[in-house]
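Colleague:
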Amino acid sequence: MCPRPTAALMTALLGVVSAGLLIFSQTAAFYPDEGFHLLAAQLILAGKKPYLDFFYPQAPLYAYFNAGWMWLFGDTWRTAHVFSALMTAAGVALAACFVFTRMRGTRWEFAAGAAAGVFIGLHLLVMRFGTIGQPYGLCLFLIVGAFWLTAESAIRPGKLWPLGAGFSAGAAAGASLLSAPAPVILLAWTIARRRARRLESCLLFLGGAAAAWLPVLWLAAEAPRPALFNLFQYHLFHRRAGYWATHNVALSDLRVLSGWLHSPQSFWIFLLAVLGLLWVSAEREWGEHRRSEMYLCAFLVAGFAAFLAFTHPTFPQYFVVLIPFLGILASVGVYAVGSRLSPRARPWTAPLAALAVFLLGLGKTAYSQRDALQNHWKEIEDIAREIDRVTPEGGKVCAGEAILFAARRLPVSGLENSYSHYLQLTPELAASLHVAGPAEVDKWIAAGVFDTILTWPPDDPAPVRFDLAHRYARRTKVHNCEIFSGKIAASAVNSVP
Amino acid sequence: MLLSLVVICLTAGLLFFSQTLAYYGDEAFHLLASQLILLGKTPYLDFFYPQAPLYAYWTAACMRVFGNSWRTAHMFSALLTGAAIALLAGFIRAVIPEARWRLPISITAVLLAGLNLLLIRFGTIGQAYGLCLFLITAAFRLAVKAADSSSGWLPVWAGICAGAAAASSLLCAPVAPILLAWLIWYGSHANRLKTAARFAGGAAIPFLPLLWISLGAPRQTLFNVIEYHLLYRKVGYPHYNITLADLSVLSGWLGSPQGLLLAFLSGLGVLSIAAGGEWNEASRRNLYLCIWLGAGLGAYLATPHPTFPQYFVLVIPFLSILASVGVYAIGSRICPSIRPARLALAAIGLFALGLAKSAYRQRSELHSLWPEIEQIGRVVDQVTPRNGLICADEAIYVAAHRAPPPGLEHSDAHKLRLSPSLASLLRVIPFAERDQWISEGRFDTVVMWFPSMERVNTLGLPRLYARATKVGDCVIYSGRMAAVGRLAARPAAQDTASLNARR
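So the sequences go chain by chain: A and B.
Per the working numbering: the first sequence = residues 1 to 497.
Per the working numbering: the second sequence = residues 1 to 503.
1) For PRO316/A, would you say it is in contact with chain B, using Cβ-to-Cβ distances shorter than 8 Å as the test?
2) Report the start-end ranges of each alpha helix (DSSP H) in the segment 85 to 164 of chain B that is 4 residues or longer and not cut off at the edges.
3) Going along the chain, which residues of its own chain have a beta-carbon closer than 8 Å to the beta-carbon of GLY201/B, five neighbours each way excluded?
4) Flag ALA329/B as yes if its beta-carbon sits less than 8 Å from any beta-carbon of chain A, otherwise no.
5) Report back the beta-carbon spacing between ILE120/B and PHE17/B to the nearest angstrom; my notes put them in contact at under 8 Å.
6) Exposed or buried, PHE205/A, counting other C-beta atoms within 10 Å across all chains shown (16 or more means buried)?
7) Kindly list, in the order they appear in chain B, the residues whose Cβ is closer than 7 Å to that of LEU261/A.
8) Below 8 Å on the Cβ atoms is my contact criterion, and I expect ALA84/B with THR137/B to pass it. Report the Cβ-Cβ distance as a whole number of Å.
9) Checking the sheet assignment: what are the DSSP bridge partners for TYR477/B?
10) So, with DSSP's three-state summary, where would you put PHE484/A?
11) Can you tell me where the alpha helix (DSSP H) with ILE205/B in it begins and where it stops?
12) Out of curiosity, what's the CA-to-CA distance linking LEU170/B and ALA52/B?
13) For ILE242/B, which residues of its own chain have a beta-carbon under 7 Å away from its beta-carbon, when the five flanking residues on both sides are left out?
14) When the Cα of PHE264/B is compared with those of SER320/B, THR72/B and SER337/B, which residue comes out closest?
15) Determine the DSSP secondary structure at THR190/A, reduced to helix, strand or coil.
16) At which residue ranges does the segment 204 to 289 of chain A contain complete alpha helix (DSSP H) runs of 4 or more residues, listed in the order of the chain?
17) Give a yes or no on whether the minimum CB-CB distance between PRO336/B and chain A is below 8 Å.
18) Got a sec? Which residues, its chain only, sit under 7 Å from GLU27/B by beta carbon, not counting five neighbours each side?
19) Flag LEU254/B as yes if its beta-carbon sits less than 8 Å from any beta-carbon of chain A, otherwise no.
20) Strictly by DSSP, which residues pair up with LYS477/A?
21) Compute the beta-carbon to beta-carbon distance between VAL301/A and LEU322/A, rounded to the nearest angstrom, for a pair I have assumed lies under 8 Å.
22) Count the other CB atoms, across all protein chains shown, that sit within 10 Å of the CB of ARG427/B; report buried if there are 16 or more and exposed otherwise.
23) Can you list, in chain order, the residues of its chain whose CB lies under 6 Å from that of ALA93/A, leaving out five sequence neighbours each side?
24) Can you pull the DSSP bridge partners for ILE390/B?
25) What's the call for VAL6/B, buried or exposed, on a 16-neighbour Cβ count within 10 Å?
26) Which residues in chain B sit within 7 Å of ALA115/A, going by Cβ to Cβ distance?
27) Do we get a CB-CB distance below 8 Å when we pair TRP268/A with the residues of chain B?
28) If we ignore side chains and look at the alpha-carbon of each, how far apart do PHE100/A and GLY113/A end up?
29) I need the DSSP call for THR384/B, collapsed to helix, strand or coil.
30) Suppose the cutoff is 6 Å on Cβ atoms and the five residues either side in sequence are ignored; what does the same chain contact list for PHE73/A look like?
31) Going by DSSP, what residue range makes up the alpha helix (DSSP H) through THR79/A?
32) Express the C-alpha separation of TRP286/A and PRO336/B in angstroms, rounding to a whole number.
33) Go through its chain and collect everything with a Cβ distance to PRO5/A's Cβ below 7 Å, but skip five positions before and after it.
34) Buried or exposed for PHE98/A, going by 16 or more other Cβ atoms inside 10 Å?
35) With DSSP run on the structure shown, which of helix, strand or coil describes CYS335/B?
36) Verify the CB distance criterion: does PHE264/B have a CB-CB separation below 8 Å to chain A?
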């Protein structure tokens with residue numbers, strides 16, 4: 001046994017993967033939907049509350065974590081990306097160290113641990129979505145943490161293990177509802193595995209999970225109807241509003257659900273994970289506990305996959321939460337191949353071959369998605385700077401969430417989430433949820449509520465429809481958008497021939 | 001029994017596909033070459049044909065017996081592909097050491113080959129892939145037998161098959177040298193050099209027709225078989241980054257569920273073979289030949305510039321064998337408690353899922369244009385005088401059973417930039433000359449796909465022809481108004497008459 005050199009190598013490798021994720025987060029990471037998450041965090045910083053003061057159809061913990069982070073380090077997309085990248089890196093490190101510790105005493109501890117680290121940390125889905133201003137990074141860290149704590153709680157006597165596991169799993173679900181199966185599966189496994197003090201462990205787990213949900217419960221207590229709508233009703237009944245109302249959601253879901261077959265990285269780790277699972281099912285060399293940990297990984301993969309398949313519409317990025325557990329099983333698969341099929345070869349040959357194919361897959365996928373790997377924050381910041389320059393202090397801006405966030409301008413109530421415009425709600429419910437329909441926004445534009453209006457020519461009908469050129473003194477073009485500012489008083493507008 | 005049933009069902013499926021959905025644009029010039037051979041013409045000497053000639057002769061023979069149509073060519077390709085699958089099934093059955101695994105692994109090998117979309121698409125069309133798949137698999141089986149046998153004829157037959165594969169398509173060129181090297185390296189009896197010599201002799205036999213043609217037309221043969229592929233393959237893609245396209249093809253297996261699964265299982269198979277264990281000496285040696293053939297063909301097929309995904313169809317039989325060995329390795333070493341049938345079903349199920357996904361992705365390409373082409377061919381035949389000259393694509397000549405005027409046998413040839421003397425020797429005419437012939441009204445009928453008004457007017461077609469008939473996506477100009485000129489090549493007209501007479 002020589003744990004030191006391998007531990008140092010492992011640390012170095014995880015350091016490189018983390019640095020890679022951090023660099024990626026500051027250069028190529030971008031996704032349009034991150035705007036409303038970042039804006040929510042900014043609104044929280046401004047003293048507003050989700051559900052109560054603005055529409056936010058998400059579990060709120062990520063926005064609170066993010067607001068806390070922004071309060072410390074500044075409210076820019078860069079700090080949010082750093083936060084996500086660090087959380088993702090921590091999740092990757094936890095998963096890799098989990099494999100490393102489970103292989104301790106064999107020649108394979110570094111090889112298998114490194115394989116897990118690379119399979120998870122350099123999976124393009126993790127790189128793209130674990131480094132942006134959305135909850136994926138935080139969820140990755142929390143669910144892997146919850147998994148490890150649950151596994152430890154089954155063999156360690158302390159009360160903190162199940163409590164911590166429950167808290168992590170609950171916090172993951174409180175950060176994003178996509179993580180909701182984690183506490184359920186982990187609790188079920190705890191019930192099945194733990195023989196001594198089973199009830200106590202389960203109660204501690206549930207207590208931890210409930211503690212993580214206290215902010216959510218507090219918000220729900222203050223505004224039960226909006227909280228119910230934002231957390232559940234929207235996802236059950238209103239997810240298909242807007243774009244999806246006119247598109248074949250089932251076909252799109254089918255495409256997403258079979259997408260892993262055409263993703264070299266996902267299919268590759270799936271194949272290795274199946275191999276790992278087959279080996280675990282047949283192998284008696286590993287103790288029962290270690291085998292049951294691997295089964296827990298498989299349950300998490302299956303549970304998450306089944307749950308995420310039923311969000312209608314579903315999206316590829318949702319499945320990022322499966323990757324840590326697939327990565328762990330895949331590293332066991334690499335171990336199985338190396339130790340059973342080529343036992344005389346050095347322990348790094350099988351992982352190297354597996355990683356080579358995986359990295360080729362990364363190259364291939366990154367090349368095919370090269371258009372999506374473009375960070376638009378630079379352009380958004382340019383636009384926001386111009387908006388900030390032309391809009392008076394306290395002036396009202398009509399723009400998308402990302403631009404409002406970058407310009408540090410609080411939106412008019414109802415403009416915090418552009419998806420909300422598509423909802424068909426009764427006027428009372430819309431008012432209680434702070435939702436403004438497209439007709440209402442049009443009315444505001446027509447009434448000259450906004451000091452600055454951002455439009456996207458040539459498809460945007462607003463400039464012609466509302467005659468913005470005559471109603472605003474300035475028209476500035478920045479990148480692909482036009483900014484109308486310098487509102488002319490209504491009487492002056494009427495005097496224009 | 002069950003294995004035979006699976007092979008028969010697969011072959012029936014391939015036959016059905018060959019008659020309904022199988023189509024590829026480039027198959028037409030192969031079929032036209034066969035039709036021209038039926039007319040007594042000789043490739044290279046009488047028309048441009050930058051391919052090894054045996055497939056065209058084989059198809060011509062089939063067409064003579066079973067009818068001059070794309071259906072005949074497709075049917076024989078499908079049957080030969082089915083035969084190749086049957087051959088690999090026999091091999092894998094013999095090589096698996098444990099009796100309870102033999103049937104499931106043999107069925108796995110058969111289905112990993114037969115359900116491969118690349119093989120389904122390209123092993124069933126009027127190109128050399130079906131014949132080559134059969135010949136290289138047969139050569140492999142015969143070489144394996146020859147290595148253990150003292151029979152003098154087995155290596156000769158192995159050589160004939162390997163040579164015939166290379167003489168049908170140059171894509172199979174590495175098979176014969178690999179088999180020869182393997183026979184020398186691993187031949188288990190004392191006369192290994194004699195066996196190798198017999199193999200080499202056998203391999204030379206299928207090249208005799210080529211040799212015979214080259215004696216009559218050495219320059220043309222050299223150009224069509226070698227020079228074109230070394231220096232002129234890129235002419236069709238002047239505005240295209242071929243290196244990038246090649247890279248995309250070479251990494252295509254990563255993005256294909258079937259390709260990646262085959263690579264994964266083959267990798268496991270190779271590791272298991274290299275580790276030894278349950279394999280006896282003879283099985284290991286034979287499986288090494290599979291690895292050599294898979295790796296050698298794969299490396300060779302990566303070198304054409306540009307290369308295409310369908311070239312790699314030739315690797316599939318060997319990868320399927322290795323992949324099924326990989327499935328066996330999972331069952332025997334990684335998870336010995338699993339039932340063989342269950343593991344085989346899981347592997348086949350995943351592979352079939354990959355087939356469905358890839359087929360859905362390529363659904364726009366899984367569509368035969370032959371019914372439309374036949375319709376066009378019928379109209380062309382109706383509107384063109386008996387000895388009339390036609391300007392059209394190869395597929396329409398095939399469907400209309402009309403011989404093209406000399407120089408129009410191969411549309412890619414128009415893109416070549418050659419000296420006038422060499423072009424004339426090779427029967428190649430450039431685009432500009434063909435267009436000039438059209439504007440001069442030399443053709444009785446001109447068929448144009450998706451014609452733009454600008455091009456139609458530039459060529460003066462409305463002025464030259466009385467009728468413009470639209471069929472599908474093409475317009476047929478016929479009823480030449482004034483006999484401005486006649487193409488010098490009268491024999492073409494006689495050929496047309498002759499072809500008509502044969503119908």
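Think of the CB as a built atom: it goes at the ideal place given N, C-alpha and C, for glycine as much as any other residue.
Modeller: With the given structure in hand:
1) No, its Cβ sits nowhere closer than 8 Å to a Cβ of chain B.
2) Fully enclosed alpha helix (DSSP H) runs of 4 or longer: 99 to 114, 117 to 122 and 129 to 148.
3) For GLY201/B, where only same-chain residues beyond five positions count, the Cβ hits under 8 Å are VAL156 and GLY159.
4) Closer than 8 Å to some Cβ of chain A, the Cβ of ALA329/B qualifies, so yes.
5) Between ILE120/B and PHE17/B a beta carbon distance of about 6 Å is seen, short of the 8 Å cut, so the two are scored as contacting.
6) It counts as buried.
7) For the C-beta of LEU261/A, the chain B residues within less than 7 Å are, from N- to C-terminus, PRO257, LEU353, GLY354 and LYS357.
8) The distance from the Cβ of ALA84/B to that of THR137/B is about 4 Å, consistent with a contact at the 8 Å cut-off.
9) Bridge partners of TYR477/B: VAL446/B and ALA468/B.
10) Note: PHE484/A maps to strand in three-state DSSP.
11) For ILE205/B, there is no enclosing alpha helix (DSSP H), since its DSSP letter is neither H nor E.
12) About 6 Å.
13) Taken in chain order, the residues that qualify are LYS234, HIS305 and PRO306.
14) In terms of Cα proximity to PHE264/B, the closest of SER320/B, THR72/B and SER337/B is SER320/B.
15) Residue state, collapsed to three classes: helix.
16) With a minimum length of 4 residues, the continuous alpha helix (DSSP H) runs that stay inside the segment 204 to 289 of chain A are 214 to 222, 224 to 228, 249 to 257 and 264 to 282.
17) Answer yes: the Cβ-Cβ gap between PRO336/B and chain A drops below 8 Å somewhere.
18) Cβ within range, chain order: ILE125, GLY126 and GLN127.
19) Yes, LEU254/B lies at the interface with chain A (some Cβ there is under 8 Å from its Cβ).
20) Beta-bridge pairing by DSSP links LYS477/A to GLU482/A.
21) Contact holds; Cβ gap of about 5 Å.
22) Looking at its Cβ environment, which holds 16 or more other Cβ atoms inside 10 Å, ARG427/B is buried.
23) Closer than 6 Å at Cβ, skipping near neighbours: LEU14.
24) When beta bridges are read from the DSSP output, ILE390/B appears opposite THR445/B.
25) Buried, because 16 or more other Cβ atoms sit within 10 Å of the Cβ of VAL6/B.
26) Here the premise fails: no neighbours, minimum Cβ distance about 15 Å.
27) For TRP268/A, the answer is yes, since a Cβ of chain B falls inside 8 Å of its Cβ.
28) Distance between the alpha carbons of PHE100/A and GLY113/A: 4 Å.
29) Coil.
30) In the same chain as PHE73/A, and ignoring 5 residues on each side of it, the C-beta atoms closer than 6 Å to its own belong to THR79, in chain order.
31) Residues 77 to 102.
32) The alpha-carbon atoms of PRO336/B and TRP286/A are separated by roughly 16 Å.
33) Within the same chain, PRO5/A has no close Cβ partners at all.
34) So PHE98/A counts as buried.
35) CYS335/B: coil per DSSP, three-state reduction.
36) Answer yes: the Cβ-Cβ gap between PHE264/B and chain A drops below 8 Å somewhere.
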